[in-house]
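Down below is the structure, laid out as structure tokens.
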Amino acid sequence: MDEGLSSAALEGVEVRVLDLDADLPDRVLFTRPPMGGKHWEERAGREMLDDWTARHDLPIGSRQWRVEFRASPEWIETRRSSMPISLASLAAALASWVFLSLRKGMHERMEIEEKVAARTQDLTRAKHHLEELVRERERAELGLLRTQYVLLAAQRLGQIGSWERDLDSNELVWSDEVYSIFGRSRESFVPTMERFMEAVHPEDRGKLQSVSEASLKAGKPFGIEYRILLPDGEVRHVVVHAEMVPGEHGRMSRIQGAIQDITSRKQDELLLLEAQSQLVTAQRLGHIGSWDYDFRRAELKWSAETCRICGYEPGQVTPTPEVFYALLHPEDRDRVKTTEARALQAGSFTSVEHRIVRPNGEVRWVVGRSEVQRDVQGKTLRVVGTIQDVTEAKQAEFRRQAVERSLLEVKKLESLGLMAGGVAHEFNNLLSGILGSANLVRAELPRGSRLHEHLERVETSAQRAADLTAQMLAYAGQGKLANKPLRLPALVRDCLLLMQASVGKRLAIELELDPATPLVLGDASQIRMLVVNLVLNAAEAMHRSPGSIMLSSRRTRLSRVELDACHLGAELPEGVYAELRVCDQGEGITAEDLEKIFDPFFSTRFKGRGLGLAAVLGIVRGHGGAIAVATEIGKGSCFTVYLPESELMAGVESDARAPAVGQVELDPPPGIASFDGRAPRPIFTSPGVPGLNLWRRSNGGRGWESPMGGIGRCFQ
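Residue numbers for the sequence shown follow the working numbering, so the first one is -16 and each next one is one higher.
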């Protein structure tokens, strides 16, 4: 533009171009001075116009431009004389020319500005991208720092360090926590394989080396626990897990792993083992086992002592509720199940004493205690409990009870026995006179006399009195026993007809007599009395309804616990016994009456004399046996007599029929004729002078040995 304006026509004219849209003082785009580039103000000795003499506004593009002219007086004077043209016309022409020049310049400027703007946008976008990259890098670095901090904190809190070994250079790299675990510092210790192995406990070095070499050869991860030695001699336990890292061509180039200090855990495990050992010892010494039933898994666990209490070795059986219920004694099973069901339903603590039968048949007394554990919703999670073997305590209790019963029986015998024995002997003396006199009267009466009938009633009443006397003597233990080896099955069969006649037709007597029942050493007449009394007692218990009475015999082996639970069994040794059992289907015996059933003269029947079971107890005592009673209200009772097995196996008389109790068949010795010329008949007598006098009067004063208890001697 400067070159276009340097023509002769504009010499002496100053031109200025202004950008009206620009802010002051940046409006003037350029100014062309007149006359060789000097403004009027710079020309010495020249005047200049006070103001611009012409101006012209030009809209170019989106901006407003103004072209201003200021001519010198010389220029104006010259133009007036030679070329009369107005400054305004010149200004218009020049403005058009300036317009074209400006538009061309503006176009070039706009292109440049557009390029600059585009480049500026690119640079701005690049700047924003770089700024975002910087921010992302900062975030990544911050996240990495946080991760490193968390990792370091986790390693420090978990006592877990990381390490890496380069298989090519054998270089070993440790994290900070590894240094801490080994008790070394990064500044003073450089880890190498040699120094690392020196820190391993000597007893564990071989194991560690063999495991790591095998893993390296197989290319598989490995884990191992071993001990390390700290510089101060402290021993620590660590666990290492490592894996192989493949390099080029799949060849293992590195091993990386983690090491954890488990010293505290090992110490806790040791304490736990000691506590478990103490618990096992305490359970073994106290005979207390523990168990745990998980309802969610339906899994039952027994401790070792629980297994032993139940008769198993630990691990011999898989415990289940069915296995335990099978061990329960048949008489206790329903009671235990009912108690457990109630406790489970109520979610309460329970304690129950019962018996179990071990697989070898041994009966043990135990106390089971348990509690139910539930969640917050009340759902049962598990039941935990204990089982305690109280057999010895139970045996001691039974022995104590037996001793107490024995002392009570002794006191009773001391009083009642003395009284009963004295009364029985005196009563027998009286009966001897009565029966003897009745016999003499009968002998002197003619046949067909009406007095024979009265004498028979006298003899019958006397016989009943003699039976009562015999039972009193049996209870007092003052009867003379003619002991010999006996077979209980044969004796029971001998009494069958008598027993059936005694109980009547409404009751049936059933027999289950084992031929292998052991021999017993006893008095046949007293054993018969025992059987008959038990059967009569059973019949009285079933007086309201028909049914059957069961008599059974067998060979059995009694333990200390079973003997202690019996009457009179506390002092008996364990071993083989002959068992005689009488069971009825009566109403059962109440707990209150059960304590008194063997007392003399105790009876729950209005017509009962109360001597039958007392005599049974006396006979059992006299034969060195024991008796047990099992009863259930509404179902009946069982009386079980245990007599010791006899060692005498010869001379057994099982079919011999002994006379009835109190009745003695008096067969006179050879050469002695009956006093009335008829066959000898049984008479009833007892120790005492009246009986002797009776025999003397009847037999000319001669005497012979009587088998009746109490006499047992010869007299003249």
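Using N, Cα and C, we set each Cβ at its ideal position, and we do this for glycine too. Here the structure is a predicted model, which is why all the values come from computation and not from measurement.
Check                                                                                                                 : Outcome
Whether V218 touches L212 by CB criterion (8 Å)                                                                       : yes
Close-in-space but distant-in-sequence residues of the same chain around L490 (CB under 7 Å, 5 per side omitted)      : A522, M525, P529, G530, S531, I532
T175 in three-state terms, based on DSSP                                                                              : coil
Straight-line gap, P342 to N520 (C-alpha atoms, nearest Å)                                                            : 36 Å
Boundaries of the beta strand (DSSP E) in which N466 is found, first to last residue                                  : 466 to 469
Residue range of the unbroken alpha helix (DSSP H) whose run includes F584                                            : Here F584 belongs to no alpha helix (DSSP H), and DSSP marks it neither H nor E.
Closest residue to C478 among N466, P468, K467, E493 (Cα-Cα distance)                                                 : E493
Residues that K284 bridges to, as DSSP identifies them                                                                : D275
Per-residue DSSP class, three states only, for S65                                                                    : Low per-residue confidence applies at S65: pLDDT is 49, beneath 50, and the placement is therefore not dependable, though the value from the model is reported in the following sentence. It is helical.
Neighbourhood of V441 by C-beta, 6 Å cutoff - its chain only, sequence neighbours within 5 removed                    : A421
Close Cβ partners of V306 (< 7 Å) along its chain, the five nearest in sequence each way excluded                     : V300
Sequence-distant residues of its chain with Cβ nearer than 6 Å to I701 (five each side left out)                      : There is simply no residue 701 to check, as the chain begins at -16 and stops at 699 in what is shown.
Cβ neighbours of L150 in the same chain (closer than 7 Å, five flanking residues each side left out)                  : M235, S236, R237, I238
V228 versus S198 - alpha carbon distance                                                                              : 12 Å
T103 (DSSP reduced to helix, strand or coil)                                                                          : helix
Length at least 3, wholly inside the stretch 589 to 621: the beta strand (DSSP E) runs in chain order                 : 609 to 615
Exposure of G405, with buried meaning 16 or more beta-carbon neighbours within 10 Å                                   : exposed
Complete runs of the beta strand (DSSP E) confined to the stretch 191 to 234 [at least 3 residues]                    : 205 to 212, 218 to 229
For G569, the first and last residue of its enclosing beta strand (DSSP E)                                            : First-last for G569: undefined, no H or E at that position.
I339, DSSP secondary structure in three states                                                                        : strand
E630 - DSSP class collapsed to helix/strand/coil                                                                      : coil
Residue from V183, K200, E196 with nearest C-alpha to E208                                                            : V183
Residues of its chain near F332, where Cβ-Cβ distance is below 6 Å and the 5 sequence neighbours each way are ignored : E354
Alpha helix (DSSP H) segment containing I742, residue limits                                                          : No statement about residue 742 is possible, as the shown extent of the chain runs from -16 to 699 and does not include it.
Boundaries of the beta strand (DSSP E) in which Q509 is found, first to last residue                                  : Unbroken run through Q509 is the alpha helix (DSSP H), 507 to 524; no beta strand (DSSP E).
Local conformation of G419 per DSSP, three classes                                                                    : helix
Alpha carbon of V0 to alpha carbon of T103, nearest angstrom                                                          : 28 Å
Candidates S620, L600, P556: closest to A574 by CA position                                                           : S620
A597 classed as buried or exposed, judged by whether at least 16 other C-beta atoms fall within 10 angstroms          : buried
Buried or exposed (CB count within 10 angstroms, at least 16 for buried), H232                                        : exposed
G52, DSSP secondary structure in three states                                                                         : Rather than Gly, the amino acid found at residue 52 in this sequence is Phe. F52 falls in the strand class under three-state DSSP.
Proximity test, V0 beta-carbon vs the ligand SAH heavy atom, cut-off 7 Å                                              : The ligand SAH is not part of this structure, which contains no ligands at all.
Short Cβ contact (8 Å threshold) for P468 with T500                                                                   : no
From H112, Q360, I602, Y162, residue whose alpha carbon lies closest to that of L504                                  : I602
Identity of the residue in G330, V373, R388 nearest Q360 by Cα                                                        : G330
Euclidean distance between Cα positions of R538 and R604                                                              : 20 Å
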